[in-house]
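Heads up: the sequence shown begins at 3 in my numbering, then just goes up one per residue. All C-beta atoms in this analysis are idealised placements derived from N, C-alpha and C, irrespective of residue type, glycine included. Worksheet for the structure shown next.
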Amino acid sequence: AEQANPIGKVLQMMSDLQAKILKEGEGAQKVYSEFAEWCEEQSKQLSFEIKTGKSEVADLKATIDQETATIGSLEARLEELASSVATDEADLKAATHIREKETTEFAAEEKELAETIDMLQRAIRIIEREMSSGASMLQLQRAGGLVQALTVLVEASKISSADAGQITALLQNSARGEDTDVGAPAGAVYESHSGNIVQTLTDLLEEAEDQLSAARNKETKDLHAFELLKQSLEDELKYANKEVDEAKSGIAAAGEKKSKAEGELGITSKGLAEDIKALGDLHHECMTKAEDFEAETKSRGEELAAIAKAKEVIKENVAGAESLSYGLNQVSLVQVARAASSITSKAALSRYEAVRMVRDLAEKHHSPMLAQLAMRLRAAGGDDQFAKVRGLIQDMIERLEKEAEADAKKKA
């Protein structure tokens with residue numbers, strides 16, 4: 003029973019270690035599962051933000067392009083409007099200048115014709131009055147022509163010499179149009195002008211009145227045409243200036259939108275770059291943790307396999323341990339000699355130390371089972387599956403020695 007006790011403790015400690023490793027594995031699996039879930043959620047969130055960011059960047063770039071095109075179009079329209087406004091203003095100025103000139107000319111012509119009409123009307127009244135008096139009528143009848151008749155009236159102070167000169171000029175102008183000699187004998191002149199002086203002057207009066215009427219009609223038509231042209235040009239200028247104001251407002255609004263979009267594009271692009279980098283870092287971190295977890299899981303599996311193998315070896319050799327008790331010292335010396343000759347590395351040294359400690363414990367407690375274990379460990383030699391168990395065995399040996407010493411002191 004005493005000999006079996008150390009082996010039982012070794013097996014129990016190995017079982018406890020297995021349970022500890024399994025528990026650690028379960029804890030690690032839980033932590034990793036939570037971490038993996040977090041990785042997935044973060045990846046989804048960042049991917050969504052990246053997708054959204056790219057869409058926003060595309061929209062902002064489209065807005066900038068659109069507003070740039072709008073500004074260009076409005077600026078081109080402004081140039082066209084400026085040219086149109088300049089042309090309309092020049093046309094209006096020229097038309098106004100012509101109208102002012104026409105108005106001045108009409109005013110002068112109207113004044114002149116009005117004075118002529120007034121003068122002829124007075125001359126007709128005077129001649130008709132003088133023709134009714136005997137002496138004046140005789141003198142007028144003796145006149146050799148209308149010019150002489152006017153001379154008679156001037157000498158009689160009936161009309162002024164200026165009026166007589168103007169009437170003479172009118173007669174000459176009229177005569178040129180009719181190829182008539184105003185200085186011809188009175189009979190010829192009278193025949194060409196309805197046969198008397200009054201009729202001649204009446205004809206001149208009617209001609210002057212017709213000219214005045216024609217001049218006034220022309221002035222009315224010219225004024226109306228100018229007013230229509232002026233109204234048209236002013237309307238064009240009004241609408242053009244309104245469109246200019248709208249184009250300027252549109253350029254300002256488009257410029258503001260473009261500037262705002264450019265600012266937002268800078269911020270969004272920066273955020274997008276940060277999200278892309280964060281996603282890359284996240285993938286790297288998650289992959290690293292996954293690799294570490296895989297390595298740890300594999301390591302725990304190897305530890306559990308090594309412990310299971312060690313337990314199997316110990317259990318297989320417990321039944322035949324007494325048959326090896328007689329050769330304990332001999333076996334130990336042979337095994338130690340062979341082991342010593344094979345120590346060529348640090349790993350080999352570790353294996354040798356583990357075998358030596360199990361052998362020493364077997365000698366100290368006279369345990370054939372520990373001696374058998376030492377032989378199995380030495381035989382495993384380079385099998386790496388025992389490498390992780392050797393440190394445990396050393397710890398167990400130290401604990402068994404302490405327990406044995408305590409039992410010895412208790413019995414003493």
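Per-residue burial, residue i [other beta carbons within 10 Å of its own, 16 or more giving buried]
i, result
"K404", "exposed"
"I269", "exposed"
"V33", "exposed"
"L230", "exposed"
"I100", "exposed"
"D18", "exposed"
"D120", "exposed"
"L24", "exposed"
"A78", "exposed"
"A88", "exposed"
"A125", "buried"
Close-in-space but distant-in-sequence residues of the same chain around residue i (CB under 6 Å, 5 per side omitted)
i, result
"L94", "L235"
"S86", "A242"
"E407", "none"
"K412", "none"
"L122", "L203, L206 and L207"
"Q233", "none"
"T72", "A256"
CB of residue i within 9 Å of CB of residue j, strictly
i, j, result
"A310", "Q20", "yes"
"A312", "M16", "yes"
"L281", "S49", "yes"
"E36", "R302", "no"
"I253", "L62", "no"
"V214", "T105", "A quick correction: the sequence has Leu, not Val, at residue 214. No, the pair does not count as a contact, with Cβ atoms beyond the cut-off."
Beta-carbon contacts of residue i that lie in its chain and below 7 Å, excluding the five residues immediately before and after
i, result
"F228", "A97 and R101"
"E238", "D90"
"V59", "L267, T270, S271 and L274"
"E211", "I119"
"I316", "I9, V12, L13 and L375"
"F108", "A217 and E221"
"E245", "L83"
"Q47", "none"
Same chain, Cβ closer than 8 Å to residue i, five either side skipped, listed in chain order
i, result
"S69", "Residue identity differs from the one stated: residue 69 is Glu in this sequence, not Ser. For E69, where only same-chain residues beyond five positions count, the Cβ hits under 8 Å are A256, G257, K259, K260 and A263."
"I66", "K260, A263, E264 and L267"
"I278", "I52"
"S45", "L281, L284, H285 and C288"
"E130", "V200"
"R127", "none"
"A64", "none"
* Say whether the region 216-236 touches the region 44-54, bearing in mind that this needs 3 or more beta-carbon pairs closer than 8 Å, one atom from each stretch. => no
Decide if the region 29-49 is in contact with the region 286-300; the criterion is three or more beta carbon pairs, one per stretch, under 8 Å apart. yes
Can you find at least 3 beta carbon pairs, one from the region 273-291 and one from the region 113-122, that sit closer than 8 Å? No: the two stretches stay apart, fewer than three of their Cβ pairs being nearer than 8 Å.
query: Would you call the region 247-255 and the region 66-85 touching, i.e. three or more CB-CB distances under 8 Å?
result: With the cut-off at 8 Å, the region 247-255 and the region 66-85 touch.
- Task: Spell out a yes or no on whether the region 253-264 and the region 25-32 are touching, meaning 3 or more CB-CB pairs, one atom from each, closer than 8 Å.
- Result: Cβ pair count under 8 Å is below three, so no.
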